[in-house]
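In the working numbering, the protein residues as written are -1 to 192.
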């Protein structure tokens, strides 16, 4: 009977340590993501989603796993409990900045570029302008912000419509055309200035 209790304790300990190791690795990856974002790079998923915003649910899941595993594993429950509450508070406080800073990106197929854009009101004009930012992929899921292109002409409405439905063309592999807006991509060649 005593040996069976030790075996159960050993299996439970291995399970909890494994879960704590997984959450530790996850939190290190998230820390690296935060540092990369703070350095001015955009983290863009394969479907164009902002990875900082997309990580909200996994963040909450990992805090829950950490809380459960540390609560089972450690005899002193106060330190892991305080750590879990601290991590949960960080996540909850970060929701509003994530929502304010999150952008929707469009991955330009068959290129290493992504774009995001918005329309803005032009004072004393009856039409809106459109701005498109171009990002160049430097690593998988890591994009460097490049130039910003604006269309303030009366034809910007067509560019805006085309941007909303993401109807674009890539001409000769080096010019992105969205409506009337032509964006040269050759500035973003390897080693080139952006």
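Note that the Cβ used here is the ideal one computed from N, Cα and C, for glycine as well.
For my contact list, residue i and residue j are in at a C-beta cut-off of 8 Å; report their separation, rounded to the angstrom.
{"i": "residue 144", "j": "residue 130", "result": "Not confirmed; about 10 Å, so no contact."}
{"i": "residue 134", "j": "residue 142", "result": "5 Å"}
{"i": "residue 93", "j": "residue 54", "result": "7 Å"}
Can residue i and residue j be called in contact, C-beta distance under 9 Å?
{"i": "residue 31", "j": "residue 41", "result": "yes"}
{"i": "residue 89", "j": "residue 63", "result": "no"}
{"i": "residue 65", "j": "residue 79", "result": "yes"}
{"i": "residue 28", "j": "residue 48", "result": "no"}
{"i": "residue 181", "j": "residue 113", "result": "yes"}
{"i": "residue 51", "j": "residue 97", "result": "yes"}
{"i": "residue 168", "j": "residue 179", "result": "no"}
{"i": "residue 139", "j": "residue 44", "result": "yes"}
{"i": "residue 132", "j": "residue 111", "result": "yes"}
{"i": "residue 175", "j": "residue 150", "result": "no"}
Take residue i as the anchor and find which of the options has the nearest alpha-carbon.
{"i": "residue 25", "options": "44, 82 and 137", "result": "82"}
{"i": "residue 70", "options": "150, 7, 173 and 139", "result": "7"}
{"i": "residue 72", "options": "137, 97, 166 and 14", "result": "14"}
{"i": "residue 108", "options": "99, 172 and 128", "result": "172"}
{"i": "residue 101", "options": "127, 122, 35 and 119", "result": "35"}
{"i": "residue 38", "options": "99, 11 and 68", "result": "99"}
{"i": "residue 16", "options": "68, 103 and 2", "result": "68"}
{"i": "residue 103", "options": "74, 164, 59 and 84", "result": "164"}
Does residue i pass the burial test, meaning 16 or more other C-beta atoms within 10 Å, or should it be called exposed?
{"i": "residue 9", "result": "exposed"}
{"i": "residue 177", "result": "buried"}
{"i": "residue 33", "result": "exposed"}
{"i": "residue 21", "result": "buried"}
{"i": "residue 170", "result": "exposed"}
{"i": "residue 189", "result": "For residue 189, the predicted model reports a pLDDT of 40, less than 50, meaning its position is unreliable; a value from the coordinates is still stated below. With fewer than 16 Cβ atoms within 10 Å of its Cβ, residue 189 is classed as exposed."}
{"i": "residue 194", "result": "Because the chain here runs from -1 to 192, residue 194 falls outside it and cannot be looked at."}
{"i": "residue 137", "result": "exposed"}
The beta strand (DSSP E) with residue i in it runs from where to where?
{"i": "residue 183", "result": "From DSSP, residue 183 is part of no beta strand (DSSP E); its letter is neither H nor E."}
{"i": "residue 120", "result": "Note, residue 120: premise wrong, no beta strand (DSSP E); not H, not E."}
{"i": "residue 133", "result": "126 to 137"}
{"i": "residue 106", "result": "104 to 106"}
{"i": "residue 40", "result": "39 to 41"}
{"i": "residue 142", "result": "140 to 149"}
{"i": "residue 173", "result": "173 to 176"}
{"i": "residue 169", "result": "167 to 169"}
What span of residues does the alpha helix (DSSP H) with residue i cover, start to end?
{"i": "residue 57", "result": "54 to 71"}
{"i": "residue 79", "result": "76 to 99"}
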